[in-house]
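Notes to accompany the following structure.
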Amino acid sequence: MFHHFYQAHFLIKRGGLVTKGRVSIVAERCKSCGFCIEFCPSHVLAFSSAFNAKGYHVPHVVHPEKCSGCDLCGMYCPDFAIYGKKNADGGKK
Amino acid sequence: MSTDLNTDLLNNDLLNTDLPDDDLVNPVEPFLRTDRMPHIWCPGCGIGTTVNCFARALIESKIDLQSLALVSGIGCTGRVAGYVALDSFHTTHGRAIPFATGLKLANPKLNVVVYSGDGDLSAIGGNHLIHAARRNIDLKVICVNNLIYAMTGGQTAPTTPDHATTSTNPYGTFEPSFNLPHLVEAAGAVYVARWTTFHVRQLARAIGEAFQKKGFSFIEVISPCPTLYQRRNKLGDSLDTMKYYKAKSKVKNGAPTSEVGLTISGEIIVGKFVDRERPDYQSMMRAQYVDSLGDRFVEPMEAEVCS
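What follows is the structure, encoded as structure tokens:
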């Protein structure tokens, strides 16, 4: 199964930002319940206008610089489609 | 900085990664049979969230997965046994606790988890539930309570609150419902907690605490069923339900369980209600036999653990 990993990390690399954490989304598993978007403490996510193969709108990262890598999105996601990770350097550089 | 997935999908350099491999794996992935994903649970169903909390509790409590067995019954929650990459068994309807009791008696070193729904545990398996609590068999019972029989089409369950509309009570339920924490406390459970799918961190901690307890531990998780319960009762979708859990749940640790009954749109009392010590079934059995048989008592042979 093809997993599309969409990572804030790449945006950060392009933008030259260093953050505390990053979030990864497996778009093909998402069923668009919206839990991660609603309960993200730093409001990193929003619904994308794109559909995945099953026709659900997948969340995408709108504020990668705010992600703390707390993994609350990963705990809420009923479809195991999203998770947060703390960056190894903890956002310090 | 903000982008849209539409443009990101076209932008191939986003897919090239230089991250270490283990960073590209969801922390719950090692606990799942990924070949069976995506699962059959509806969009917004809370069961997946409880599985997340369970997996994180396993990571945090560092339990040896070789010593863990998961048993589930029939129903939406019963599918958990098929989705976790642990030693698991999907039993017949209501018989998760008897099967788990057998596992525990045959191999007392096993950590046996019963993961099932309210209809399976409290209706057809209701007698097994109260008698396992009475005997204080060392089981960890996780009861995902979505207030309805979900898999069979939304019939009234023993936990359906008053006046809720179901497929078998289209003009409203009139039967009084079970208050599960009160039931299992009265029957003799040593650990009773209730959380909702909104309280993910607390739920993961409660599951970890239950692994530390010796005896019958019962954790009730209130979970949305957007397809049958919420839709039929015009309670919105599962996100509305999660917001309702957030707004209307009150943490009352140690609250008397007789006062934690559920209503259709009222307050949900959550927390750790009971945490007490009682000798468990196997230590009581041993004490009784040592007492009555004296020198003739022979320690049972230990089961070989296959790894």
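So the sequences go chain by chain: A and B. Residues 1 to 93, numbered by the working numbering, are exactly what the first sequence covers, in order. Residues 1001 to 1307, numbered by the working numbering, are exactly what the second sequence covers, in order. Glycine is no exception: its CB is placed at the ideal position from the N, C-alpha and C atoms.
- A:R22: not part of any alpha helix (DSSP H); member of the beta strand (DSSP E) spanning G21 to V26, first to last residue.
- Using a Cβ-Cβ distance cut-off of 8 angstroms, the stretch 1244–1252 of chain B and the stretch 1263–1278 of chain B are in contact, since at least three pairs of beta carbons, one from each stretch, lie closer than that value.
- Residue contact with chain B for A:P41: absent (no Cβ-Cβ distance below 8 angstroms to any residue of chain B).
- Spanning the alpha carbons of A:G55 and B:L1103 requires a straight line of approximately 43 angstroms.
- For B:D1120, no pairing in a beta bridge is given by DSSP.
- Comparing alpha-carbon positions, the option among B:C1076, B:G1117 and B:H1039 lying closest to B:F1218 turns out to be B:G1117.
- Beta-bridge partners assigned by DSSP to A:P59: A:F47.
- A straight line joining the alpha-carbon of B:I1063 with that of B:P1170 spans about 46 angstroms.
- If you draw a 10 Å sphere on the C-beta of B:R1194, you find 16 or more other C-beta atoms in it, and that means buried.
- B:R1135 places its beta carbon less than 8 angstroms from that of B:Y1281.
- Neighbourhood of A:K86 in chain B, by CB distance below 8 angstroms: empty, with the nearest CB roughly 10 angstroms away.
- Under the three-state reduction of DSSP output, B:S1283 falls in the helix class.
- For B:I1142, the closest of B:Y1191, B:N1107 and B:H1163 by C-alpha to C-alpha distance is B:Y1191.
- Residue state for B:T1165 is assigned as coil, using DSSP reduced to three classes.
- Proximity of chain B to A:G69 at the Cβ level (cut-off 9 angstroms) is not reached, the minimal Cβ distance being about 11 angstroms.
- Annotation for B:E1259: I1269 place their beta carbon closer than 8 angstroms to its own, counting only its chain and skipping 5 residues before and after.
- The closest CA to that of B:K1213, considering only B:E1277, B:T1165, B:A1186 and B:S1167, is found on B:E1277.
- Taking the Cα of B:V1200 as reference, the smallest distance to any Cα among B:E1029, B:I1040 and B:T1050 is reached at B:T1050.
- Linking B:I1074 to B:G1294 through their CA atoms gives a straight-line distance of about 43 angstroms.
- Put simply, of B:E1060, B:A1085 and B:S1061 the residue whose alpha carbon is nearest the alpha carbon of B:V1071 is B:A1085.
- With a minimum length of 3 residues, the unbroken runs of beta strand (DSSP E) contained wholly in the stretch 1198–1260 of chain B fall at 1217–1222 and 1249–1251.
- For B:W1195, not one C-beta of chain A is nearer than 8 angstroms to its own C-beta.
- Within the same chain, Cβ atoms closer than 7 angstroms to the Cβ of B:G1236 are found at Q1230, the five residues on either side in sequence being excluded.
- Secondary structure note for B:C1143: its beta strand (DSSP E) is the uninterrupted segment L1139 to N1145.
- For the pair of segments examined, the stretch 1108–1128 of chain B was found not to touch the stretch 1029–1046 of chain B: the number of CB pairs separated by less than 8 angstroms stays below three.
- Cβ-Cβ distances below 6 angstroms link A:V58 to A27, C30, S48 and N52 in the same chain, with the five nearest sequence neighbours on each side left out; the list follows chain order.
- Rounded to the nearest whole angstrom, the C-alpha separation of B:G1044 and B:L1228 is 12 angstroms.
- The beta carbon of A:F39 sits closer than 8 angstroms to the beta carbons of L72, C73 and Y76 from its chain, once the five residues preceding and following it are set aside; these are given in chain order.
- In the three-state reduction of the DSSP assignment, B:I1148 falls in the coil class, being assigned neither a helical nor a strand state.
- The Cβ-Cβ distance between B:I1148 and B:T1101 does not fall below 8 angstroms.
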